[in-house]
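Numbering of the sequence shown is given in full-length UniProt numbering, commencing with residue 1 and proceeding in unit increments. Ideal Cβ positions, reconstructed from N, Cα and C, are used throughout, including at glycine. A quick write-up on the structure given underneath.
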Amino acid sequence: MEQIRTYSCLFLLVLMFSCGKSSDKNTLFQLLPSKRTGIDFINRITTSDSVNLLTYEYLYNGGGVGVGHFNKDSLPDLIFTSNMEESKIYLNKGNLRFEDITHTSNINTTDNWCTGVSVIDINGDGLDDIYISVGGMGNEDNFPNSLYINQGDATFVESAKEYGLDDKGESIQSIFFDYDRDGDLDMYLLTGGGFENSAIMVRPMVTNGTYRNTDRLYRNDYNKALGHPVYTNVSREAGINFEGFGLGVSVIDANNDTWPDIYVSNDYLSRDLLYINTKDGSFSEEASTYFGHTSHFSMGNDVADINNDGLMDVITLDMLPEQHKRRKLMSGSHSYDMFQMAKKFGYGHQYMRNMVHYNNGNGTFSEIGQLLGIDRTDWSWAPLITDFNNDGNNDIFITNGYGKDITDLDFVKFRQSGAKTFSDPEEIRRSVLDCLVVRPTIEMSNYIFENKGQLNFQKKANDWGLNQKSISNGACYADLDLDGDLELVVNNIDQPAFIYKNNTRELYKNSNYIHISLVGNNFNSQAIGAEVTLYYGCESQKKILQSSRGFQSSVEKDLHFGLGETSQIDSVEIIWPNGDISMQSNVSANQHIEIKHAEVELVEVAKIDKWEPIFAVDSLVAFDHVERDFSDYNIQSLLNHGFSNQGPGLAVGDINADGLQDVFVGGSYGFASTIFVQQKSGGFEKKEIPDSQLYEDLGALFFDANGDGLQDLYVVSGGSERYKGHQAYQDRLYLNDPNNVGTFVKGDLPINNESTSTVAGGDFDSDGDIDLFIGGRVVPGHYPEAPTSYLLENRNGQFVDVTQEVAPSIKNIGMVSSAVWTDFDDDSHLDLVLVGEFMPITIFKGDGLKLKNITAQTSLAETNGLWNSIVAEDFDNDGDIDFVVGNIGLNSALKGTAEHPLRLDYADFDANGFIDPILSVYEEGEYYPLTSLDELTKQLPQLKKHILHYRSYAKSTTKDIMDFLGSQGHSTLESKMMQSSFIQNNGDKGFSVFPLPIEAQFAPVYGILAEDLNFDGLLDLILVGNSYNTEVVYGRYDASIGAVLMNKGGTSFELVDPTLSGFKALGDSKSMVRLDSYNGQSLVLVGKNNGSLDNFSIADSEKQKKIDFQNGERTAEVFLNNGKKRKEENLMGAGYLSQTSNSIIASSVVDSIQFYDVNKKLVRTEIPIKK
């Protein structure tokens, strides 16, 4: 895509005119014709030999629109900026009729290429002034910005130089805010100049402020002699030093310290920026700390609360099309190695799609645009987040379109090859311009998404009357007719501006609202930066007053809240820009109210007792997991994800029989695995396992292998860095030396050089010792062929492969990622439950001798998913074992349902000895390959003779591709479920599947722990995840920060607010265990790939008794004081590459615990706490 934008900078000419479709009064929005409104503004672009994309790359970025009160009445007025003609200003005469006063207003921009517009009271006189950003072609002296000071009678005086704001940096847009909190409005300026240094090809990012395309920060310094502010450029000393091609800017308090920070969305290779306010007049750029990834070609952005949790979220736009054909026409070659180089040069992780950064409230953001379904809106410009239908939820409006379709790769390749036929640069230029004459425009309907609550957004452009095709850029909203709903105003290229009347109040009875106008003090007369929160019943809404939003535009500064059926607001809380707090009580809906800072009664916020979070960060076990640089994609370029970065595994045991729990942490190839031995004095002693650096260690298990009463260690060898069958895939058994307890000698295992992943221990034959299941994960170079899994029977300390005799179908059951031994049907025989990639939740029922796959006879037969992990516990306290399973989640380009599964077709199509996997998704009624033509033909060059053009590939279904390949012998896998889920055991009635809460679907779930965190007798959930080893188009999964889900009983789990849980597991989190420390404190350890081990202590856990399973005990019944009982099992391996503590935490709600042997014979009874 970077290549596309390089060439797109060279193309364009004439624009087609489109009348579009009209909407009517029965839709939520009604497009009003120009004759009705009096607004005849058109942003015309006229191309020529001297004005085209060869001479100006931002030719079709369009203009903005601003809302203000220019003549002291209550009606919002409008100003539109024009690129090549005059900008226009319109007075609102009422009833959605406007008067063009451009020529009498003294606003004259005829000779300027105007871009963004900010409407702001810059001098504190209570009147709206206008600041216009100027860009365009030529020498930078041609671009001074304009400031028009309102004279109070709808006339203006240009005063940019007098105010110090005649910046000449080819500006895009400004945003006014009080960054130093001194009571006046400072200004941040997006600066787009310097295309000659455009970071299109990868090079070190410039961060010293020397490039022209570095934004500016202007401080407001009041000049007493002039009687108004004069602005000072303080960019360099304030730390605004990072280059970029900014197209969007917003103010957000990203770290919740009450000081305004700055988010900048940048085009081209330059990455988005987050300037954190350091409270001393300067900023620190910290985007990579707060955001896992960003849009690649970032356009406009907006900041608002999308789920009414009181936290501000961020949306940025890009250019990924929704339509399959257009996506394939613009999707070219993608180099994994070039992506890695860009990361090293400081450009971060960027992917071409819209992003929604969900604010977690604890200094982190989770990007969930794909989960919300708003990631693909084509070449997009302005996002606006507000409540358009007055239901109390903020909707999302997005403009899009472009003057010429220059992303069509057939056209790009044609121009590349055509240019080679000319040697004269002028001939090449002329050839480009001639070809562009016939290129079509990208005209399409704008998007709007209705917010249905609970992070559920639905496309509504057609239903709501926004189905007119256009090339739309800047946009704003305002209640233009003062009827209690928000109109939309859109600036279009070569087409009249759109004025959409909002019919919400006419169409819907339950569409109450409140419209709040704030009056500030001194030089912030409009209270910019104020926070307003409404409280009503159990609900609340929060908005922050900021004018500049979206793209090159300014919205109405009055705050509009939709209320749905609510007619009375309990209270309106205002946090004024200086930190003062006021409160209005019992406010009636359906009115416009004005609140003046100078007249309100200030209140003090009651101090809230400090909440002790469930978890506290600890540091007892210090370990850094390190991976070598290795690319799975150099072997199988069509992989969606790699297998060389799956660890580390964690296992808890007691290697020296001192009663203290120790922990194994797996190392990667080239780095040693380590056992941390707990000391009675506190802390841990570190012991590296000799020669373990020769292996990629994944799953591990402590257990008594030879019946001597000491814990031995089994370690799984996996990964994909060596060829199939390499000896480094051999698992190892370490026997605890009885002559030197706590040290190990190698034991014997059957030779099995398979890349495996997980180990689970259980006595499936009930002979009193622990047998093992080893799960095969991948055949290196042959994904997704089923690897070998196997059963090892323990015969007096010797392990024998009995797969063929006991369970032959296990051998090639699939790509297993997790396994657990459990007696799910309570018949005293251990069963084996497996999950894996493209596998159903698979059950092998045991009878004491053999294991039989009964999945097809259960209600889990159609649960094929991309499963990562499983735990088995009695979550509903009904005496049988349920499951929680970790899946890829819903925040992904990989979509699959029971009706239309995700498909993976594979074979060695080119007969080169390696498998070629082709992943397909269902869209527009067909299955299409997910990958681009360039990537597909790089792996399978024989397709080039069948598919000559990108346009042909865009029409080719997966079946067509299979036919081209002549692949009658290919195999297909499917994934029908993507959600991490709770599986309830209904006994004889089978199983029921319940998706976990939406927050658990943000990213793949790997580590899972079941613990009673609030000591109520119900097992709660701790989840960790993410996946960083992915292909580079759709990118890595990084939205998980860890999640704590409280068990509400039955089948319901509820997220604990991260600020209250204290649990924050960032990074590529994989395994997770509980470990009991010497002082009774329970620790949660999280193993992270290529990262440091996380340590968390559980609050009050030291006050709870821990009771361990003893040798020979298989199950326990936990009797609760509410009359219920919970079944517990002595599990050896569960979750993801994890073996957690086998102790039961017995809180005050536990009356007693009874332990049973394999034959259900009562062994002992424990009374944890005397009543």
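Identity of the residues DSSP links to residue i by a beta bridge
{"i": "Arg216", "result": "Leu189"}
{"i": "Arg549", "result": "Ser553"}
{"i": "residue 1208", "result": "No answer is possible for residue 1208: it lies beyond the span of the chain, which begins at 1 and ends at 1171."}
{"i": "Lys938", "result": "According to DSSP, Lys938 bridges with nothing at all."}
{"i": "Ser1052", "result": "Gly1049"}
{"i": "Asn301", "result": "Thr316 and Gly550"}
{"i": "Asp662", "result": "Gly653"}
{"i": "Leu919", "result": "Leu904"}
{"i": "Gln568", "result": "Ser588"}
Proximity below 9 Å, CB of residue i to CB of residue j
{"i": "Asp272", "j": "Ser235", "result": "no"}
{"i": "Val716", "j": "Thr758", "result": "yes"}
{"i": "Ala728", "j": "Leu749", "result": "no"}
{"i": "Leu190", "j": "Ser133", "result": "yes"}
{"i": "Gly135", "j": "Glu86", "result": "no"}
{"i": "Tyr950", "j": "Asp405", "result": "no"}
{"i": "Gln1070", "j": "Met978", "result": "First, the amino acid is wrong: residue 1070 is Lys here, not Gln. No. Outside cutoff."}
{"i": "Ala461", "j": "Asn473", "result": "no"}
{"i": "Ala598", "j": "Val519", "result": "yes"}
{"i": "Leu965", "j": "Leu943", "result": "yes"}
{"i": "His970", "j": "Asp905", "result": "yes"}
{"i": "Gly281", "j": "Ala238", "result": "yes"}
{"i": "Ala1099", "j": "Val1118", "result": "no"}
{"i": "Ser809", "j": "Arg777", "result": "no"}
Residue i versus residue j: straight-line alpha-carbon distance, rounded
{"i": "Ala616", "j": "Asn887", "result": "27 Å"}
{"i": "Tyr1136", "j": "Phe799", "result": "24 Å"}
{"i": "Thr1051", "j": "Val816", "result": "26 Å"}
{"i": "Asp129", "j": "Glu999", "result": "43 Å"}
{"i": "residue 1177", "j": "Leu1093", "result": "Given a span of 1 to 1171 for the chain in the structure shown, any question on residue 1177 remains unanswerable."}
{"i": "Lys607", "j": "Ser818", "result": "47 Å"}
{"i": "Asn197", "j": "Asn213", "result": "Residue placement at Asn197 cannot be trusted, given a pLDDT of 47 that sits under 50; what the coordinates show is reported in the next sentence. If I take the Cα positions, the gap works out to 8 Å."}
{"i": "Trp464", "j": "Asp826", "result": "55 Å"}
{"i": "Asp1057", "j": "Phe764", "result": "41 Å"}
{"i": "Gly848", "j": "Val833", "result": "15 Å"}
{"i": "Glu57", "j": "Gln173", "result": "17 Å"}
{"i": "Trp379", "j": "Ser892", "result": "20 Å"}
{"i": "Asp629", "j": "Gly346", "result": "18 Å"}
{"i": "Arg326", "j": "Asp167", "result": "39 Å"}
{"i": "Val1086", "j": "Ile593", "result": "51 Å"}
{"i": "Lys724", "j": "Pro929", "result": "27 Å"}
{"i": "Ala898", "j": "Lys976", "result": "5 Å"}
{"i": "Ile774", "j": "Tyr790", "result": "5 Å"}
{"i": "Gly649", "j": "Tyr1006", "result": "11 Å"}
{"i": "Ala199", "j": "Phe242", "result": "Below a pLDDT of 50, predicted positions are generally treated as unreliable, and Ala199, at 49, falls in that range; the measurement from the model is reported next regardless. If I take the Cα positions, the gap works out to 12 Å."}
Supposed contact pair residue j and residue i - C-beta distance, whole angstroms, cut 8 Å
{"i": "Glu627", "j": "Asn640", "result": "The Cβ separation is near 19 Å, so there is no contact."}
{"i": "Leu733", "j": "Ala700", "result": "In fact, because the Cβ distance is near 11 Å, the residues do not count as touching under 8 Å."}
{"i": "Val314", "j": "His349", "result": "Contact doesn't hold; Cβ gap of about 16 Å is too wide."}
{"i": "Phe844", "j": "Ala807", "result": "6 Å"}
{"i": "Gly1017", "j": "Ala1003", "result": "Actually they are not in contact, since the Cβ atoms of Gly1017 and Ala1003 sit about 30 Å apart, beyond 8 Å."}
{"i": "Gly529", "j": "Ile544", "result": "7 Å"}
Range covered by the alpha helix (DSSP H) that runs through residue i
{"i": "Pro1058", "result": "Pro1058 to Ser1061"}
{"i": "Ile262", "result": "Segment Asp261 to Asn266 is the beta strand (DSSP E) holding Ile262; no alpha helix (DSSP H) there."}
{"i": "Ser952", "result": "Tyr950 to Lys955"}
{"i": "Met341", "result": "Tyr336 to Lys344"}
Span of the beta strand (DSSP E), counted from its first residue to its last, around residue i
{"i": "Met839", "result": "Asp831 to Met839"}
{"i": "Glu685", "result": "Phe684 to Glu688"}
{"i": "Arg1074", "result": "Ser1069 to Asp1076"}
{"i": "Glu899", "result": "No beta strand (DSSP E) holds Glu899; DSSP gives it neither H nor E."}
{"i": "Thr533", "result": "Glu531 to Tyr536"}
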